[in-house]
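Only one structure is covered here, and it is reproduced in the block below.
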Amino acid sequence: MRVVMTPVGAIVRLIWQTVFLAIGQVWANKVRAILTALGIIIGVASVIAVMSFLEAGRQWILSELDTAVGSRTMWIWGQVPESKRGVLSWSDVRMTPFEARLLLDRAPSIESITPITQRSWRVAHGRETKAGVAVYGVWPSWHEVEARQVILGRPLSEIDIAERRQVCLINQVGIEEFKLDTDPTGTYLLINGRRFLIVGVLETKEMGLNFGGGQPRAELYIPYDTHRTMDPYAGTWFQANMKSPDLAQEAQAEVRMLLRNHRGLAGDDQDTFGMEVIQNAIELFNNFARVVAGGAFAVVGISLFVGGIGIMNIMLVSVSERTREIGLRKALGAKPPVVLMQFLVEAVVLCLIGGIVGLAIGFGLTRIVALAPDFPIQHIGVPLPAIVLGLGFSAGVGVVFGILPAIKAARLNPIDALRHE
């Protein structure tokens, strides 16, 4: 019984046979095939390595940013606009505790907020005296905003703020620098000539990406109102937590509207305050990563182009070497589209083999680098888009640079081809 094959089945069978024929041709000339596909191998390995390192670096930096400052953090500060220079002073635009409460009460996207003021003062304990120690004035809500907990003693309280108590929190680095007991609660420090009682010890926050620069340093935190009595002219800024990182735009719009209304700014007046959210820094990094990726892909594109030229060159040589074979196939009834498909598929298969080898090399390279002892990123995965892009580029190069030799083979006259020596 004769099986009648549908046109689609015939095309599938033809492609299948052509693929095996192409693999056979590549296998018969292994060294030449590897040298020919070298540009493709380097290009795909570069694509895999670049995309893997960029994605791993992006995830690492986002994690470090989240650890260092939090993904919901927002900063607000006073500033004199250029149009008001000489008209307004810095004290006119300074943030106030009233504005902090206003934002907390009326901005739905703000979950918690604290005013912060800071000065560097001389701090002494016994024979240990250090100048330029950072002393911050904060509200009790600072613990929630900054996500820093007290590991010994107690946190600052609302009573400390209301009564302007001379109490302070110290971090672990400060304990070492002033040679205090492991539990220094109940000990007094002299801060700018005033006696402060240590009521709690803060965990030392890792610097992450070295925001603020260098190693962690001694820090002291005192009630905000107490700090203001010691230095009424110190600047104040707000640090707030949004309810969700996705509410960055809403939070900025709410803060702008409330502060402009409170400060009586008309529609054409410039803001007398500034604000920043961590998402802006993330977006800035993402833009930088896109620029780096674009430059890397331009270099990779050159490598793929050179590899494509090599593919086209070797396929033209192959057509010349197999001219009699092509003539014989045509004499036996092979149509030009079939011959064209044979050589085109052979070029694509050659490029895909190079792409697979390049994929393996790129994967191995990421693993080797990740194992380096001083490399900060220990887990580097190859993203799926990198694999698809690498193999897609390989196939695309095979089609683009294999079409000319395939057309040349398809257009050969069978009689002239059989006479070819």
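Counting with this note's numbering, you get residues 627 to 1047 for the letters of the sequence shown. C-beta: ideal position from N, C-alpha, C; glycine also.
Check	Outcome
In chain order, what residues of the same chain lie with their CB nearer than 7 Å to the CB of VAL881, ignoring the 5 residues before and after it?	ILE702, LEU729, ALA733 and MET901
Could you check if THR830 is buried or exposed, using at least 16 other CB atoms within 10 Å of its CB as the buried criterion?	buried
Determine the extent of the alpha helix (DSSP H) in which ARG882 is found, giving its start and end residues.	874 to 888
Report the residue from GLY1016, PRO1009, ARG948 and LEU806 whose alpha carbon sits nearest the alpha carbon of ALA1032.	ARG948
Which residue comes first and which comes last in the alpha helix (DSSP H) that contains ILE1029?	1010 to 1036
How many whole angstroms separate the CB atoms of ALA1035 and LEU966, which I take to be in contact at a CB cut-off of 8 Å?	7 Å
What is the residue span of the beta strand (DSSP E) that GLU708 lies within?	It is not in any beta strand (DSSP E) - GLU708 carries neither H nor E in the DSSP assignment.
Please confirm whether GLY779 and GLY826 have their CB atoms less than 8 Å apart.	yes
Find out if the Cβ-Cβ distance for the pair TYR850, GLY763 is shorter than 8 Å.	yes
Can you have a look at PHE837 and say buried or exposed, based on whether 16 or more other CB atoms are within 10 angstroms of its CB?	Annotation note: pLDDT 43 at PHE837 (below 50); position unreliable, coordinate value reported separately. By the neighbour-count rule (16 or more Cβ atoms within 10 Å), PHE837 is not buried but exposed.
What is the residue span of the alpha helix (DSSP H) that ALA659 lies within?	656 to 662
Among the residues of its own chain, which have a CB less than 6 Å from the CB of LEU940, if the five just before and after it don't count?	In the sequence on display, residue 940 carries Ile and not Leu. Closer than 6 Å at the Cβ level, and outside the excluded window around ILE940, lie THR662.
According to DSSP, TRP747 sits in a beta bridge with which residue or residues?	VAL759
Measuring straight from C-alpha to C-alpha, what distance separates ILE660 and ILE1013?	20 Å
Return the CA-CA distance between LEU942 and ARG658, expressed in angstroms with no decimal places.	14 Å
To the nearest angstrom, how far is it from the Cα of LEU714 to the Cα of VAL706?	7 Å
Can you list, in chain order, the residues of its chain whose CB lies under 6 Å from that of VAL945, leaving out five sequence neighbours each side?	PRO1031, LYS1034 and ALA1035
Identify the continuous beta strand (DSSP E) that holds TYR847 and give its terminal residues.	845 to 849
Assuming SER929 contacts GLY980 under a Cβ cut-off of 8 Å, what Cβ separation, rounded to an integer in Å, is found between them?	With a Cβ gap of about 11 Å, SER929 and GLY980 do not count as contacting.
Please determine, among THR755, ARG993, LYS961 and PHE931, the residue with the shortest C-alpha to C-alpha distance to GLY665.	PHE931
Taking 8 Å as the threshold (C-beta atoms), are GLY1024 and LEU978 in contact?	yes
Mapping DSSP to helix, strand and coil, what is PRO741?	strand
Which value, in whole angstroms, describes the spacing of the CA atoms of ILE1029 and LEU970?	6 Å
So the beta strand (DSSP E) ILE621 belongs to, where does it begin and stop?	This structure does not reach residue 621, given that the chain is present from 627 up to 1047, and the question cannot be answered.
State buried or exposed for MET627, treating a residue as buried only when at least 16 other CB atoms are found within 10 Å of its CB.	With a pLDDT of 45 at MET627, under the threshold of 50, the modelled position of that residue is not reliable, and the figure given next carries that caveat. Result: exposed.
Where do the N-terminal and C-terminal ends of the alpha helix (DSSP H) with GLU803 fall, by residue?	798 to 803
Ordered along the chain, which non-local residues of its own chain (more than five positions away) have a Cβ less than 8 Å from that of VAL645?	VAL971 and VAL975
Determine the burial state of PRO810: buried for a count of at least 16 other Cβ atoms within 10 Å of its Cβ, exposed for fewer.	buried
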